[in-house]
Amino acid sequence: MGQSLNKIYVHIVFSTKYRQPLITDSIKEELFNYLGGICKSLECNPIQVGGFNDHVHILCVLSKKIALMDLLEKVKSNSSKWIKTKGNEFSNFYWQSGYGAFSVNPTEIELVKNYIINQEEHHQKKNFQDEFLAFLNKYKIEYDEKYIWD
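In numbering that gives the first Met the number 0, the protein residues as written are 0 to 149.
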């Protein structure tokens, strides 16, 4: 085959360090747009970016030109540096070192997009830890909980 073709939808989830509620109403829309902009600059077309006060969700198409690990490193490092320029209240902003990344069936794109859009409502019922563990269990990912929340 003379051409490399793919379309891999990925749902990425990561939190602020120690799940601190630092993603406030004053910054969240700008942060979500910034995260989407980083993805776009790396040819990982963002479909939906959102989250809640202690974590973010990114639904994007993974580019064939970048490894998932490299995408996450660039998204997290660039956004962490950027948000620190937004005021003293963000001077100690850091992302958790790990992340979750889950493949998405093309038929479920709208479902995942709506899930991300409705984070505020969703987190009236379930906290981030329970949400993340539910993803790990849904995808049958083996884990040791003592290493997830460092």
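Even glycine gets a Cβ: it sits at the ideal position worked out from N, Cα and C.
Item                                                                                                                            : Value
Would Ile11 be called buried (16 or more neighbouring beta carbons within 10 Å of its own) or exposed?                          : buried
Which residues does DSSP pair with Val48 in a beta bridge?                                                                      : Ile57
From this set, Lys6, Ser79, Gln19, which residue's C-alpha is nearest Asp63's C-alpha?                                          : Checking the sequence shown, residue 63 turns out to be Lys, not Asp. Comparing Cα-Cα distances from Lys63 to each of Lys6, Ser79, Gln19, the minimum goes to Lys6.
Does the contact criterion of 3 or more C-beta pairs under 8 Å hold for the stretch 88-107 versus the stretch 126-143?          : yes
Taking Glu88 as the reference, which of Asp69, Tyr114, Asp24, Lys112 has the closest Cα?                                        : Asp24
With a threshold of 16 other CB atoms inside 10 Å of the CB of Glu107, please say whether the residue is buried or exposed.     : exposed
One question on the structure: do Pro20 and Asp69 come within less than 8 Å of each other, judged by their Cβ atoms?            : no
Could you check if His121 is buried or exposed, using at least 16 other CB atoms within 10 Å of its CB as the buried criterion? : exposed
Among Ile22, Lys112, Ile57, which residue has its Cα nearest to the Cα of Gly36?                                                : Ile57
If we count the other Cβ atoms within 10 Å of its Cβ and call it buried at 16 or more, is Trp94 buried or exposed?              : buried
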